[in-house]
Every structure is written in C-alpha cells, then in structure tokens.
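J.:
2 protein chains.
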Amino acid sequence: MYRVKILPEDKSIDVLDGETVFDACCRAGIMIQSACGGVGTCTKCIVQVKENVPAPSPHGIRNLSSTEIEQGYRLSCQLKVHQDLLVEIPPGSRFYGEQILTVGGASAPDVDLDPNVRQYYCQLPLPEIHDQASDFDRLARALVADAPDLISGLDQLRELAEVLRENDFRVTATVSGRRLVKTEVGNTRGSVFGMAYDIGTTTVVGYLLDLTTGKELALASRSNPQAAFGHDVLARGDYADKGPEQRKELQHLIVGCLQEIAEECCEKARAPIEHVYEVTFGGNTIMTHLVFAMNPRHITVSPFTPIWSRAYRVPAIEIGLKLSRWATVYALPSVGGYVGGDITSGIIACDLERRDDLTLFVDVGTNGEIVLGNKTRLISCAAPAGPAFEGAKISCGLRAMSGAIDKVSYDEAEKDLALHTIGHHPPRGVCGTGLIDAVATFLRVGMVDPGGRVLETDEAKEKLPPKLAGRILASDNGSDILLVPKAKTLERRRDLTLTQRDIRELQLAKGAIRAGVDMALKVWGVSGADVSKVLIAGGFGNYINPAAAMAIGLFPPDITVDKLEFVGNSAAVGAKLCLADRKQRQRVERLAREIEYIELSGRKDFADVFMTAMLFPGYEES
Amino acid sequence: MYRVKILPEDKSIDVLDGETVFDACCRAGIMIQSACGGVGTCTKCIVQVKENVPAPSPHGIRNLSSTEIEQGYRLSCQLKVHQDLLVEIPPGSRFYGEQILTVGGASAPDVDLDPNVRQYYCQLPLPEIHDQASDFDRLARALVADAPDLISGLDQLRELAEVLRENDFRVTATVSGRRLVKTEVGNTRGSVFGMAYDIGTTTVVGYLLDLTTGKELALASRSNPQAAFGHDVLARGDYADKGPEQRKELQHLIVGCLQEIAEECCEKARAPIEHVYEVTFGGNTIMTHLVFAMNPRHITVSPFTPIWSRAYRVPAIEIGLKLSRWATVYALPSVGGYVGGDITSGIIACDLERRDDLTLFVDVGTNGEIVLGNKTRLISCAAPAGPAFEGAKISCGLRAMSGAIDKVSYDEAEKDLALHTIGHHPPRGVCGTGLIDAVATFLRVGMVDPGGRVLETDEAKEKLPPKLAGRILASDNGSDILLVPKAKTLERRRDLTLTQRDIRELQLAKGAIRAGVDMALKVWGVSGADVSKVLIAGGFGNYINPAAAMAIGLFPPDITVDKLEFVGNSAAVGAKLCLADRKQRQRVERLAREIEYIELSGRKDFADVFMTAMLFPGYEES
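These protein sequence lines are chains Z and A, in that order.
Numbering-wise, our numbering comes out as the position in the first sequence, counting from 1, plus 370.
Numbering-wise, our numbering comes out as the position in the second sequence, counting from 1, plus 370.
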C-alpha cells in the first residue's frame, strides 16, 4: 500500500501497488477526464507529479511533449503507483460530467446563468412623509423587474426594519424563487452557492456551484448508505414499507450522505455551507420517495403507482438537510414509477426533446430506462434488467473495483482468452463490463451458441482450439467456463468461472433492455436503421465496450456501432442545469408531463418480444 | 352582587345590583341585539327569564304580548338585576354584527359561500396498468375543476397512499387555498370551521363560522391582554421596540387571547377545535404587527412607515395558534401605518367602493380613521384624536361601564342638567358618549362658548339660570363645571366636575376627526352637502348621540344629522366576509392598493384646518 496525495484537494489516498492514479482517484471520488477508456491514447487524463516523479510510460512518451514530460506531466491512466506520490490534477483534466453538453451531436443547451436564488444590491429611496410605503413594499418596488411578485416569510420581515435602517436603506437582498430569504446591510453580493446531486441507488455524487458565476467549484461522492438495507431499490422499498420509523431511518441515511457531500465540497472550495441556498437532485422515483420519507411500496407492486411524480420543492430543513437556513431542495420530476428524475434530467442534459433526428437514450443499470424520441415526440419505457450488469447474481460477480476482470478478449496468437483486471491486480471476480466482454468473446469464438448454451465438453474439444476447450468444464447445470484457475486468483481459494446460469442471467438482463428498445421502436413504428444516435447513460454505461454490446445484441443489428455514444453521468448534468438556470425547471417539468410511458408488463406482445430479445445475434430458429 | 346564569351557554356572570341583563351580557361578551340604544322601545333585546321571574317593566308591558310576559320574556335592557336569575337568550335576540350588511343604504355585498378551505368527497378511478398516474395526480385530476393547480405538503403526501387504499380510493379531501391539507378515508364532509376576529386595541371579538353552511355558530370576546403593556398602541409600540423577547411576549398575549376565544366559541357550538382550518382578522396596523411579532416602532415615528402593509397569510401554528394543525391565518391588508386592516375590513363590509353616492366612513376611536369615496375613488386619512373619547385624560373620565354618566341633557322644567348613568347606578365618572352629550348641552345652554371657554362665575350668574350658574365653579385654570356633588357620587370622595382642560381635551379629539373630514372633503373638492351618507363605525361610534355629535361640530354643518348612520363593528364583518368568501380577499387586497392615503402631518394646510376644526359651531372670529 502506498499513499498518493492529490493536489489541490490535499487529499491522501491509499493505493495498492500497481493501481493507476486514474483508478485510485475514481475510487476516491476525484474524477478525471478520459475518452479512450484508459488505454493511454486520448491524453485527457494528464496529471502533474510533483514528488517522486517516475519514468514516463510508453504511451506518455508517444503522446506528451518533452517539456511536459520534463515538468512531470504523466497520463494518469498509465501511471502505476509503486511508491508514495504527490500529484496535482490540472483543472483541464477534471471530469465534471459536462462533456455531455457538447457530445451526442446536440447543440449545447442554451443554459443561462439564471439560478433560482439571486442576490441584488439595492439603494432604496428613504422613507419620507410623501412616500410612506412599507419597508417591504419599498424593497419589492426596487426589485420589481428582477423579482416580480416578491413574497416574504415572517422571520425576514421581522428583521427588515432594522437591516434597512442600519446603512441608510442600502441592502443586499437574497431572493429564492419569489421569496425574500435574506436582507443584509450594505453590499454583500457574491456568496451564493448551490449543490446539484445525482442520487443513485448505489452512488451519490454532488457538485458545488457558485451561483453568481456559474462555475463548478467542487465535487464529492459517497456510496449510498441505504445499501445497508438492500442493494436494490426493491429491497429498500420493502424496508420502507414496514412503517414511518423505517422510512425516517432511510431518509436520515440518504440525507446524511447529502450533508456529508455538501460539507466536503464546501470545505474543498472554502465556501461557507450556510451560503448554500439551493439544492437540486435527480434520482429514480423510489430514491426520490425515500429522500422525502414517502413510502415507495406501491411503485414496487402492480400497477406500479408512485405517490408523487411531479417536480417538488421543499425547504431543505424539512428533510433535515442543514445548509442555509432558507435553502430549498428541488427534485426533478419523474415520468412514472420506473422512469424517474434521473432520466428526465438526462433528457434535458442531452437535449433529446430538441433534436431533429430520432435518438435513443438508454440508461443501463439495474433498471434499464429507455427513451426514444426527437422534438416531435418522446416515448419511454423501463426494462427490469436486474442486477447482473452490476455483478450481482453472477457466481463470481464483483463491482467494478481493483482486481475485477473488466476486459476479456481473444488472443489470436495464443489461441486463448486474454483477461484484463482493474489495477492489473490478481483477479478476484468479473464486473459487469467484463461479463459483457466475456460473453461477446465466448460468442465470437463459439464457446457459447447464439441460444446462450455453453458448449458441452465433448463438443468443445471437437470445435474449439485446445486452450479454449480446456476452459469448458462439465457441471451439474450445463457447462462452466473457466476464466482463472484458483492458483492465479487473489485469494487462491477457488477457480473463477462463468456458469451456464451466469450466461442466462446476462441474457435476462440484456434481453430486458433489448426488449424495451425493440418495443419503443415498435410503438414508434420504426426500425433501428431510423435511429441516428444511441446515447448510453449511467455510470455503468460509460465503461461498456461498444463492440461487445453489439456482439451480445444489446441493440438491434440495424443500429450500427458508430451510432453509440457514451454520455456519462447525465443525471448529474440535468440537475446542474436546473441549479444554474431556473428556466430549465420549466423545461424538465413540461417534458415530464408530455413524455409518453409504455408499461411493458401491460402489453400482450411483450412476452414474445422479450423471448426473442434474450437470444444472441446469429440465432436462427431450427 | 348577584349571579345571572345565561343559557344556552350555561355561563354565570356576577352582576351589581340594578345593572341590566343587557349591560351585564355585553360586559361578558354575550352580545344582544338593540336598535333603540337601550331605552326599551325596539324589543330586539328580549330574553326569557327561567327562574325568579321578576315583574315586567313598564316598557315590557307596553311592547310585549301578554303570552310573552307570561312565559317570562322580558326586555333585557330594562331588566334590572336585584336577585340571582336564570336567563335564556333566544337566537333571534343575538347580535352578531351582521346588521351592517343591510344598513347604510348599500345593497348587501354579494357574498357567496366560497371559503378558502373546502372539502370534497371523491371516488377516484382505481389505478391499473393502463392508468398509472401517481396517487397525488389521481386526486388532483378529480379536483381539477374545484381546486386547480393543487399542491401538497410532504406530511399529506406521506399519508396519501394508505388513506386512498383503505376504502377503494373513496376519500374526502380538505383543500386550503391551492393546498391539500388533509385526506380522510370515506365521506367525512361537513366539519370545517373558521374563526373571524376583530382585533382591537382594547377589545378582541371572535366569531365561529361553519364553513360548510356559512352559519355563524358562536362569538366570544375578551379584553386585549396587551393592555398590561400600555392602554394605547403607541405605548405597546414602545414596549415592542425593546427587543425580540418583548415582541414575542406581546405576540404571546394576543395569540393566547385569540386561542381562548376560539376555544370558548368551539365549546359553545360543540365544534371540534381541530376542525378550525381558517382564521381571518382585521386589526389596525400596529396590532397586526404585534400579532406577527413585528416591530411597529417605525409606524410610531415620522414618516410613520410600517414594515408590511399587505394582506398576509401564514400557518396558524407559526404564530402559536393551535387549531387544526393545518390552519392558516389571513390578516386583512392595511393601507398604511394608521389606516389598517380594521378599516379595509369596514370598507368592504359597507360596500363603500361600490357605491354611486359619495359616502364618508368614519371610525371614531383613539385614532379616527376617515375614508371618503364611492366607486370612482377612495381617499383616506387618519386623525390622531387621542384617548379623550375613551374617557382617558378627562379628569373624571371613565370607560363605558356601570356608574358612568353616558347621557347629559337639559331639563327645561328644572332648568338644570339631567344626567343618566349606565345601570342607573350612583355616578362614578363620565364616559366618552357622556362627555360629548355634556359638552353639546353646555354649548346649547351657553355654559361653554363656541370657542370652548367655560363661562366665568360672574358671567354665569349674569347669563344662566341659577341652577346652571351654580354649577360653574372658579378654579386655577378657568372654570370647572360641577356634574355631581360628592355626596351623590358612588364613592362620596369628590365632586364630579368637567374642567376647562377636559373641554380642551374634547376639542382636540373632535377637532382632529373634524379636521380629517374637512381635509378629505377639501382634497376631493366637495363640501359636506355633497356627501350622501356618513357611516360611523367602531364600538364607540355605536353609542354616540347623533344630535350631540352635530352639536359639538364633529361633522361639518352641511352634513345633516339624518345622514349619520351607525354601522357597528364593521371590522368584524369584513373579516367574516373574507372567511366565508375568498373572492372578498381579492376585493379587499385590490382596494387596499388603490385607496389613496393623505398624510395629514405632511400637508402645509393642516395646521389651519385643525385650528378651525377645534372650534365649536357658532364660533365667529371677532
């Protein structure tokens, strides 16, 4: 274990020998740009090593200038840690998720800096016998153009007379929506902050924005602490259904997490947390219910109705979040129980509803959410993919972490599988992307047939090169495929294998998403060829190998691989848009009302579509 | 002291020997109708004596039927208490203040029963796979015609799923404004109540209304407990200015008083207090500030600006009023620091802004508020009359209570003054109406000249009949007028006299109001002859003898006595209108914005007008 200290955060990370700085930073919530998937070619991830500068990697030598190399610049994805390091991450290498604004063929959204919370410095005319307007009316009059229909709570009114008179009616007014939230003596403008969150079932990421400049100042992330009550939302829904106490407990956990993230961001940016006036978040519908301590029970059982699906604005203090005393929380609207605020957020981030060309938006996760549309119409559906893509239910499944097999290919020279693990560590299991890669490879080399059946050992010996055939092991339920023998694993306790059942789990997961895509195309009355772009969103989606995705038939074959784009954490981007520009809220609210939702379980043709969708490409009915 | 028990309240009142049941009930906040001023002719005040039935009074014999007399019905204004009594007040004799709706030549306002809080019973379509609207949207859809743009707090949403499903989506929704405040299983309609208050500096009166029928169910009144911190609003303003603790203390007192009144009303009407969802009140601007714990300091010093003057709506719980958990308080808007919500309330009660004819509205009290207008325009001003009309600053001044001289006339036969005291008790002092009556009489008989000077003793002997002359006593500061010699007073400690200074105090008070009236007429550009009605409002105004008011020149001489009308407690009526019909709120808010306010102290011509206004009729400059 080595210690890598990151500047300018001044944060230390414990790193296993051989892990890259890029991976280590990701783990620690310090996000770095990357476009090549960490293979050392895009140069977006450069960092500057300040102490113990190691020799440059071959990719570094090829892609960086000699001056950069001399100054200690290295590609963080190639920079393996073999000693303690001091590393500075230049602003240009930071990944904030905004690259979405310029990818996907869309014009960048017309985001103004027009946040819901604003500050105005006013010099009011002094009261006199011929102008006896009340103190509040005097202020409201001055703000009428910027904040029409101003209202105020009692606390603010109670202080108003004193504050106005302390410096001859020169004051700074902070206005949230229509509401006066603070009046301060003199000109105190310039200290208004907001937090935008992507509240995922697994991970929560928060971003601190300066709402007077629009600049993003810091980000921080945490695992969702509700995981203690269930890895997926359904399990948490069951727990929440037990009673109000349990709902309060789940709320307390997630809000505590939001609080920690806000505190970390404010500390990093040296922003006073009591000046954070506004919070936005996108989350799936169940997570949103849990943030508000509402019972999501009826989302989880047919006919899957949420209590609430609109946008919601509430004082932060009402959910226990302690920022400015007057901070408000804005939850992005859901379309329904399974198309939540994370998806509506992604839609505005990608400008989906403004595009001329038909575009498919897919968020790959435990639930695959699918939106198909353009500026004329949007239709959505949710596919219950299950947790296979996150490594759960897979015999040697693992989250994407050090030692997880994340890439599997076929080595033509060796005539065998080639495996890659995160951090180049001894392997411990397979993560979701590795699973897709593996199955894509199995299909290509013929270890698995297009129906999803693993070859039997005899069959394998006949049809496959010896090394591959040697990996097929007989088992009680069909055959297993050996990835790593026990002796080469980290724990050295058992072989890492993918079983027939693992392949079936993957088929179910990819089949669900593919069925959703097929159904959306069917409802629209088009084929994949009519789709000009496929935007793949979600933390997981980011790491999928496009060729592998096509190889397992995640998308119809008439969607060509060049149409796939990875749009990263679009849920966070939409939340940031709504934080920076209140007009984006009207936009997302209108969108959420207008988008059509297809309940797959309510369609008679779904079973057929799903059965077909589970098959791999090349399957022909005999 | 005797005990009178009142039915159906079952309330016992301690009564001095000889006090009337009418007066005793008034003191106890049980209000009885009267149109003749308590002289036994209108018969509106009849009550039924149930135990210890006394002989009928001469007025009773003259005005009641023999059957009524047999059944124990008596005129309460003539019914003097000389023993314990059990008395029932029939509903027809109750005074609720509504007579204003039909007096003053105005059409009754078009009051609908359309309160801000409403209940709806709904049977919602059940959720199914082809109708997955959220629970809230399902309810909002059903209420869209009655309650468009429905919103909801978190607490209500948290309960919603359970409540809807307990009886197959048959629920009763209670909606306050746009906000869903309660959803109950099944049909529970019919239990929605509201309180309307007139919050006076001296007295607070509250009325309980059934908001499903519009019926008034009960009233109760209390002395304003803030009186402990000052009899008038200025003294309380000084106390409030000491700090937030003091403001909280004053708020606590007045809100405690509102709470007691609400509890008493609910007990009388057997209405559950937790079903009181809405509160309205009219109060002067300082009282309104104190209800909300705002510092009224700057209203009391030039240029007299309030912190807030608009209508205000706030959860009742925020000011500490404990009714329904979701009750809201609506304060009627002020025009400015000295024309408050009591006056805007009176204006809508009297339909002032809808009248064709020019009408003068005057609220006589410590501050006289004057509104002149019709449907084309309304102008207002406030005249600082001071407390003389309430008996303060007058050497033998007394509030209107037992033993107060309330009527003074000239007995032609005796050639002397004739005095009347409340309750026919031995006199203890002079109340405001008695003071006006007395001075009117002094002017008529020549004891006081039109300049306000009391005759000197020599002059008196020369010009006046001997008994009157005998009442003029020499003193250090001009002459005194003897009303009652020591031996005939209750306490037998000193003569009751009105001094030259007392007369001057009355001149200041009436001069202020008269100057306000004159100034309003001047600004409008009309004379008193153009005014078709003078509406006199306020508890005090109700008891003024119109002829005496004219005799002291409270109004310009070209306003004839037949134009005067007494409209009672119009502040309460406006509050009730706003409780019963939310459209009245828009009306009063528009009115408050549009009404013009003349700041008398800001006018150069005011000093002259005021000097003239202090003189009595008949004064000619020498």
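By construction, the Cβ of each residue, glycine as well, lies at the ideal position given by its N, Cα and C atoms.
These numbers come from a predicted model, not from an experiment.
Just to confirm, are alanine 719/Z and threonine 650/Z a CB contact at a threshold of 8 Å?
T.: Sequence index remark: in the first sequence, residue 719/Z carries index 349 (1-based). Sequence index remark: in the first sequence, residue 650/Z carries index 280 (1-based). Result no, Cβ atoms of alanine 719/Z and threonine 650/Z do not sit closer than 8 Å.
J.: So for asparagine 744/Z, helix, strand or coil by DSSP?
T.: If you number the first sequence from 1, residue 744/Z lands on position 374. Reduced to three states, the DSSP call for asparagine 744/Z is strand.
J.: Does the beta carbon of valine 625/Z sit closer than 8 Å to a beta carbon anywhere in chain A?
T.: Working through the first sequence from its first residue, we reach residue 625/Z at position 255. So no, valine 625/Z is outside the interface.
J.: Roughly how many angstroms separate the alpha carbons of alanine 899/Z and phenylalanine 925/Z, rounded to a whole number?
T.: Start at 1 with the first residue of the first sequence, and residue 899/Z comes out as number 529. Start at 1 with the first residue of the first sequence, and residue 925/Z comes out as number 555. Their backbone Cα atoms lie some 11 Å apart in a straight line.
J.: Please specify which runs of the alpha helix (DSSP H), each continuous and at least 4 residues long, are wholly inside the stretch 585-638 of chain Z, giving them in chain order.
T.: Fully enclosed alpha helix (DSSP H) runs of 4 or longer: 603-610.
J.: Compare the C-alpha of isoleucine 740/Z against each of Lys953/Z, Val887/Z, Leu509/Z and Gly523/Z and name the closest.
T.: The residue labelled residue 740/Z in the question sits at position 370 within the first sequence. The shortest Cα separation from isoleucine 740/Z among Lys953/Z, Val887/Z, Leu509/Z and Gly523/Z belongs to Val887/Z.
J.: Which residue comes first and which comes last in the beta strand (DSSP E) that contains arginine 540/A?
T.: The residue given as residue 540/A occupies position 170 in the second sequence. Run containing arginine 540/A: 540-546, per the beta strand (DSSP E) assignment.
J.: If I follow the unbroken beta strand (DSSP E) through glutamate 438/A, where does it start and stop?
T.: One-based indexing of the second sequence puts residue 438/A at position 68. Taken as a continuous stretch (DSSP letters only), glutamate 438/A belongs to no beta strand (DSSP E), being part of the alpha helix (DSSP H) at 436-440.
J.: Using beta carbons (cut-off 8 Å, strictly below), is phenylalanine 506/A in contact with chain Z?
T.: As a first step, residue 506/A is located in the second sequence; it is residue number 136 there, counting from the start. Yes, its Cβ sits closer than 8 Å to a Cβ of chain Z.
J.: Let me make sure I understand the geometry here. Which of Val854/A, Leu520/A, Ala755/A and Ser694/A has the alpha-carbon closest to that of glycine 564/A?
T.: As a working note, residue 564/A is residue 194 in the second sequence. Nearest of Val854/A, Leu520/A, Ala755/A and Ser694/A to glycine 564/A, Cα basis: Ser694/A.
J.: Within the 8 Å Cβ cut-off, does isoleucine 470/Z reach chain A?
T.: Numbered from its first residue, the first sequence carries residue 470/Z at position 100. No answer about isoleucine 470/Z holds up, because its pLDDT of 28 lies below 50 and its placement is not dependable.
J.: By Cβ distance, which residues of its chain are closer than 7 Å to isoleucine 851/A, with the 5 residues on each side in sequence left out?
T.: In the second sequence, the residue the question calls residue 851/A occupies position 481. Contacts found: Phe812, Met817, Val824, Arg841, Ile842, Thr867 and Leu868.
J.: Roughly how many angstroms separate the alpha carbons of methionine 371/Z and glutamate 784/Z, rounded to a whole number?
T.: By one-based count along the first sequence, residue 371/Z stands at place 1. By one-based count along the first sequence, residue 784/Z stands at place 414. Using only the alpha carbons, I get a separation of about 33 Å.
J.: Can you give me the Cβ contacts of aspartate 807/A inside the same chain, cut-off strictly under 6 Å, excluding the 5 residues immediately before and after it?
T.: On the second sequence, residue 807/A is found 437 positions in, with the first residue counted as 1. So the qualifying residues of the chain are Lys777, Val778, Asn915 and Ala918.
J.: What do you reckon, are the CB atoms on aspartate 568/Z and alanine 962/Z nearer than 8 Å?
T.: As a working note, residue 568/Z is residue 198 in the first sequence. As a working note, residue 962/Z is residue 592 in the first sequence. Result no, Cβ atoms of aspartate 568/Z and alanine 962/Z do not sit closer than 8 Å.
J.: Do you know how far the Cα of aspartate 978/Z is from the Cα of tyrosine 989/Z?
T.: Working through the first sequence from its first residue, we reach residue 989/Z at position 619. Working through the first sequence from its first residue, we reach residue 978/Z at position 608. About 15 Å.
J.: Give the residues of chain Z in contact with phenylalanine 674/A, contact being defined as C-beta atoms less than 7 Å apart.
T.: For the purposes of this step, residue 674/A is taken as the residue at position 304 of the second sequence. Within 7 Å Cβ-Cβ: Gln502.
J.: Mind checking threonine 583/Z: buried by the 16 CB within 10 Å criterion, or exposed?
T.: For this step, residue 583/Z is matched to residue 213 along the first sequence. Exposed, because fewer than 16 other Cβ atoms sit within 10 Å of the Cβ of threonine 583/Z.
J.: Give the DSSP-derived three-state secondary structure of valine 473/Z in the structure shown.
T.: For the purposes of this step, residue 473/Z is taken as the residue at position 103 of the first sequence. Residue confidence is low: valine 473/Z scores 30 on pLDDT, short of 50, so the model does not pin down where it sits. Its coordinate-derived value is still stated next. Correct three-state label for valine 473/Z: coil.
J.: Can you name the residues of chain A whose CB is closer than 7 Å to the CB of proline 497/Z?
T.: Sequence index remark: in the first sequence, residue 497/Z carries index 127 (1-based). Going along chain A in sequence order, the residues near proline 497/Z (Cβ under 7 Å) are Pro673 and Thr675.
J.: Does DSSP classify proline 479/Z as helix, strand or coil?
T.: For the purposes of this step, residue 479/Z is taken as residue 109 along the first sequence, with counting starting at 1. Summary for proline 479/Z: the model assigns pLDDT 48, below 50, so the residue's position carries little reliability; its value from the coordinates is reported in the next sentence. Of the three classes helix, strand and coil, the one that applies to proline 479/Z here is coil, per DSSP.
J.: If you follow the beta strand (DSSP E) that aspartate 568/A is in, where does it begin and where does it stop?
T.: By 1-based counting over the second sequence, the position of residue 568/A is 198. Per DSSP, aspartate 568/A belongs to the beta strand (DSSP E) from 563-569.
J.: For histidine 795/A, which residues of its own chain have a beta-carbon under 8 Å away from its beta-carbon, when the five flanking residues on both sides are left out?
T.: On the second sequence, residue 795/A is found 425 positions in, with the first residue counted as 1. Excluding residues within five positions, the ones whose Cβ falls inside 8 Å are Leu386, Gly388, Glu389, Ser772, Gly773 and Leu860.
J.: Helix, strand or coil, according to DSSP, for cysteine 492/A in the structure here?
T.: Counting from one through the second sequence, the residue named residue 492/A turns up at place 122. Three-state DSSP puts cysteine 492/A in a strand.
J.: Thinking just about the alpha-carbon of each residue, which of Ala857/Z, Thr827/Z, Gln877/Z and Val574/Z is nearest to the one in proline 797/Z?
T.: For the purposes of this step, residue 797/Z is taken as the residue at position 427 of the first sequence. When each option's Cα is compared against that of proline 797/Z, the closest is Ala857/Z.
J.: Apart from the five residues on each side of it in sequence, which residues of its chain come closer than 8 Å, Cβ to Cβ, to serine 370/A?
T.: The question about residue 370/A has no answer here: the residues shown for chain A are numbered 371 through 992.
J.: Should arginine 863/A go down as buried or exposed, given a rule of 16 or more other Cβ atoms within 10 Å for buried?
T.: The count along the second sequence starts at 1 and reaches residue 863/A at position 493. Exposed, by the Cβ-count rule.
J.: When you compare the CB positions of leucine 660/Z and glutamine 616/Z, do they come within less than 8 Å of one another, or not?
T.: As a position in the first sequence, residue 660/Z is number 290, starting the count at 1. As a position in the first sequence, residue 616/Z is number 246, starting the count at 1. Cβ distance not < 8 Å, so leucine 660/Z and glutamine 616/Z don't count as in contact.
J.: Taking Cβ-Cβ distances shorter than 8 Å, what residues in chain A pair up with phenylalanine 662/Z?
T.: Working through the first sequence from its first residue, we reach residue 662/Z at position 292. By Cβ distance, chain A contributes Leu524, Leu527 and Arg528.
J.: Check whether the Cβ of arginine 960/Z lies closer than 8 Å to any Cβ atom in chain A.
T.: For the purposes of this step, residue 960/Z is taken as the residue at position 590 of the first sequence. Closer than 8 Å: no.
J.: Please confirm whether glycine 652/Z has its beta-carbon closer than 8 Å to some beta-carbon of chain A.
T.: Within the first sequence, the letter at position 282 stands for residue 652/Z. False, the Cβ-Cβ gap to chain A never drops below 8 Å.
J.: List, in chain order, every chain Z residue whose beta-carbon is nearer than 8 Å to that of arginine 667/A.
T.: Taking the first residue of the second sequence as 1, we reach residue 667/A at position 297. What arginine 667/A touches in chain Z: Ala531.
J.: Using a Cβ-Cβ cutoff of 8 Å, what residues of the stretch 826-850 of chain A are near chain Z? List them in chain order.
T.: Cβ contacts with chain Z come from no residue of the stretch 826-850 of chain A.
J.: Around the C-beta of serine 382/Z, are 16 or more other C-beta atoms found within 10 angstroms, so that it is buried, or is it exposed?
T.: Numbered from its first residue, the first sequence carries residue 382/Z at position 12. Label assigned to serine 382/Z: exposed.
J.: For the alpha helix (DSSP H) that contains glutamine 877/Z, what are its first and last residues?
T.: Translated into positions along the first sequence, residue 877/Z becomes position 507. Taken as a continuous stretch (DSSP letters only), the alpha helix (DSSP H) holding glutamine 877/Z covers 870-894.
J.: Which whole-angstrom value describes the C-beta separation of serine 750/A and glutamate 966/A, a residue pair presumed to lie in contact below a C-beta threshold of 8 Å?
T.: If you number the second sequence from 1, residue 750/A lands on position 380. If you number the second sequence from 1, residue 966/A lands on position 596. With a Cβ gap of about 7 Å, serine 750/A and glutamate 966/A count as contacting.
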